[in-house]
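In what follows, a structure is listed as structure tokens, so that the remarks can point back to it.
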Amino acid sequence: MRVHKPYVIAESEDGSHKFVWLGIDEADAEKGILTNQYLIVDNGKGLLIDPGGYFVFERVYKAVTEFVDPENVVAVFYSHQDPDVVGSLNLVAEFFPGATVYISALWTRFLPHLGVLEGIKIVEIPDRGLEIYLGHSKLVAIPAHFLHSPGNFTLYDPKVKVLFSGDIGAAVFPKGKWYLFVENFEEHAKFMEPFHKRYLASSKALHAWLKKIEQLDIEVIAPQHGAIFAGKRLVEKFLAWLRNLGPIGVDNIDAITG
Numbered sequence: 000m001r002v003h004k005p006y007v008i009a010e011s012e013d014g015s016h017k018f019v020w021l022g023i024d025e026a027d028a029e030k031g032i033l034t035n036q037y038l039i040v041d042n043g044k045g046l047l048i049d050p051g052g053y054f055v056f057e058r059v060y061k062a063v064t065e066f067v068d069p070e071n072v073v074a075v076f077y078s079h080q081d082p083d084v085v086g087s088l089n090l091v092a093e094f095f096p097g098a099t100v101y102i103s104a105l106w107t108r109f110l111p112h113l114g115v116l117e118g119i120k121i122v123e124i125p126d127r128g129l130e131i132y133l134g135h136s137k138l139v140a141i142p143a144h145f146l147h148s149p150g151n152f153t154l155y156d157p158k159v160k161v162l163f164s165g166d167i168g169a170a171v172f173p174k175g176k177w178y179l180f181v182e183n184f185e186e187h188a189k190f191m192e193p194f195h196k197r198y199l200a201s202s203k204a205l206h207a208w209l210k211k212i213e214q215l216d217i218e219v220i221a222p223q224h225g226a227i228f229a230g231k232r233l234v235e236k237f238l239a240w241l242r243n244l245g246p247i248g249v250d251n252i253d254a255i256t257g
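In terms of numbering that gives the first Met the number 0, the sequence shown opens at residue 0 and continues consecutively.
Here's what the structure looks like:
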């Protein structure tokens, strides 16, 4: 089991804007499904993406401070409400007190159950999505509802052409296996298919999301679980795989319930 250091996935030519993967401890697989956390930095201001659960927060916090001072983390983006996404919210509120939380309007009423009753600014993302400003750049929260959460968003960074896809693109590695970037797509698809077939709600929801992103210029797709798709070739392979995935979620209800 290895601890992997943070890695800059994409960066602007002048270095003022970075999209950073925040590292991983493979031993965390013994505690729960492995999760990816990301940080976008623009001109010294940071936005943290899906900070994760309680037990990964110490690692995430240390990684963030390699790129930006904690007081300059001005935003936290939550794709949805799962515990592996929002479980450390009370620590986020304590250690990044200046951050505004962006989350679907469906989930704000549930956040007090995470032990945060006051002292945190929340912006509810409407169902249609939202533009989020960071430093001198603009990010776009794109609706991905029912993939798998009913209030779910992906996040596009047009400056470096990276799409954070949340659970879309998630892979569950077998014990003892892990890698950061997809190389052999066909082999990697074996680790994605069971998750997508069961966790994503329906083909209709998936194709609605695909229609929203098909005009975007995407060079990297970074999911919350599994490995990153880097380069146009792998991005297109992945999107084509999604288009041809067939029945998912409720489309398979008879087979699931037997």
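Think of the CB as a built atom: it goes at the ideal place given N, C-alpha and C, for glycine as much as any other residue.
Look at the Cβ atom of V72, then the Cβ atom of F56, and state whether they are nearer than 8 Å.
Within the sequence shown, residue 72 is the residue found at index 73, counting from 1. Within the sequence shown, residue 56 is the residue found at index 57, counting from 1. No.
Quick check on DSSP: helix, strand or coil for D24?
In the sequence shown, the residue the question calls residue 24 occupies position 25. DSSP places D24 in strand when its eight states are reduced to three.
Quick check on T153: does DSSP put it in helix, strand or coil?
Here residue 153 refers to the residue found at position 154 of the sequence shown. Reduced to three states, the DSSP call for T153 is strand.
Is it buried or exposed, Y132, if we count other Cβ atoms within 10 angstroms and call 16 or more buried?
Against the sequence shown, residue 132 aligns to sequence position 133. Classification for Y132: exposed.
As a quick exercise: from L47, A239, V85, pick the residue whose alpha carbon is nearest that of A188.
Taking the sequence shown and counting its residues from 1, the one referred to as residue 188 is at position 189. Among L47, A239, V85, the Cα nearest to that of A188 is on A239.
With the cut-off set at 8 Å, would you say L21 and V59 are in Cβ contact?
Locating residue 21 in the sequence shown gives position 22, where the first residue counts as 1. Locating residue 59 in the sequence shown gives position 60, where the first residue counts as 1. It is a contact, given that the beta carbons lie within the stated cut-off.
Using a threshold of 8 Å, state whether the C-beta atoms of L199 and G150 are closer than that.
The sequence position of residue 199 within the sequence shown is 200, counting from 1. The sequence position of residue 150 within the sequence shown is 151, counting from 1. Not closer than 8 Å, so no.
Rounded distance between the beta-carbons of L33 and I23, thought under 8 Å:
Against the sequence shown, residue 23 aligns to sequence position 24. Against the sequence shown, residue 33 aligns to sequence position 34. That pair is a contact at about 6 Å.
Nearest by alpha-carbon distance to F66: which of S87, F145, N42 is it?
Sequence index remark: in the sequence shown, residue 66 carries index 67 (1-based). Minimum Cα distance to F66 is reached at N42.
Residue range of the alpha helix (DSSP H) that F194 falls in?
As a first step, residue 194 must be located in the sequence shown, where it is residue number 195. Where F194 is concerned, the enclosing alpha helix (DSSP H) stretches over 184-198.
Mind checking who S103 pairs with in its DSSP beta bridge?
Counting from 1 along the sequence shown, the entry for residue 103 is found at position 104. I124.
Under three-state DSSP, which class holds L46?
Here residue 46 refers to the residue found at position 47 of the sequence shown. Looking at L46 - three-state DSSP - the assignment turns out to be strand.
Starting from A62, follow the beta strand (DSSP E) in both directions and report where the run begins and ends.
As a working mapping, residue 62 is identified with position 63 in the sequence shown. Here A62 belongs to no beta strand (DSSP E); instead the alpha helix (DSSP H) covers 56-64.
Roughly how many angstroms separate the alpha carbons of L154 and I217, rounded to a whole number?
Counted from its first residue, the sequence shown places residue 154 at position 155. Counted from its first residue, the sequence shown places residue 217 at position 218. The straight-line gap from Cα to Cα measures roughly 12 Å.
In angstroms with no decimal places, state the Cα-to-Cα distance between K203 and E186.
For the purposes of this step, residue 203 is taken as the residue at position 204 of the sequence shown. For the purposes of this step, residue 186 is taken as the residue at position 187 of the sequence shown. Using only the alpha carbons, I get a separation of about 26 Å.
F152: buried (16+ other C-beta within 10 angstroms of its C-beta) or exposed?
The residue labelled residue 152 in the question sits at position 153 within the sequence shown. Burial call: buried.
Measuring straight from C-alpha to C-alpha, what distance separates V115 and R232?
Mapped onto the sequence shown, residue 115 falls at position 116. Mapped onto the sequence shown, residue 232 falls at position 233. Their backbone Cα atoms lie some 43 Å apart in a straight line.
For K158, collect the residues of the same chain with a Cβ closer than 7 Å to its Cβ; drop the 5 residues on either side in sequence, then sort them by chain order.
Walking along the sequence shown from the start, residue 158 turns up at place 159. Excluding sequence neighbours, K158 sits near S11, H16, S136.
Identify, in the order they occur along the chain, each residue of the same chain with its Cβ nearer than 7 Å to the Cβ of P82, setting aside the five sequence neighbours on each side.
Mapped onto the sequence shown, residue 82 falls at position 83. Result list for P82: G52, in chain order.
For V100 and I121, believed in contact at Cβ under 8 Å, the rounded distance:
Working through the sequence shown from its first residue, we reach residue 121 at position 122. Working through the sequence shown from its first residue, we reach residue 100 at position 101. I121 to V100, Cβ: 5 Å. Contact.
Does DSSP classify H3 as helix, strand or coil?
As a working note, residue 3 is residue 4 in the sequence shown. In the structure shown, H3 sits in a strand (DSSP, three-state: E or B).
How is G248 classed by DSSP in three states: helix, strand or coil?
For this step, residue 248 is matched to residue 249 along the sequence shown. Helix at G248.
Which whole-angstrom value is the C-beta distance of I102 and I124, which I expect to be below 8 Å?
Numbered from 1 along the sequence shown, position 103 holds the residue referred to as residue 102. Numbered from 1 along the sequence shown, position 125 holds the residue referred to as residue 124. Confirmed, about 6 Å.
Looking at S201: is its Cβ nearer than 8 Å to the Cβ of G128?
Start at 1 with the first residue of the sequence shown, and residue 201 comes out as number 202. Start at 1 with the first residue of the sequence shown, and residue 128 comes out as number 129. No. Outside cutoff.
Alpha carbon to alpha carbon, how far is E93 from L209? Give it in angstroms, no decimals.
Translated into the one-based positions of the sequence shown, residue 209 becomes position 210. Translated into the one-based positions of the sequence shown, residue 93 becomes position 94. C-alpha separation (whole angstroms): 37 Å.
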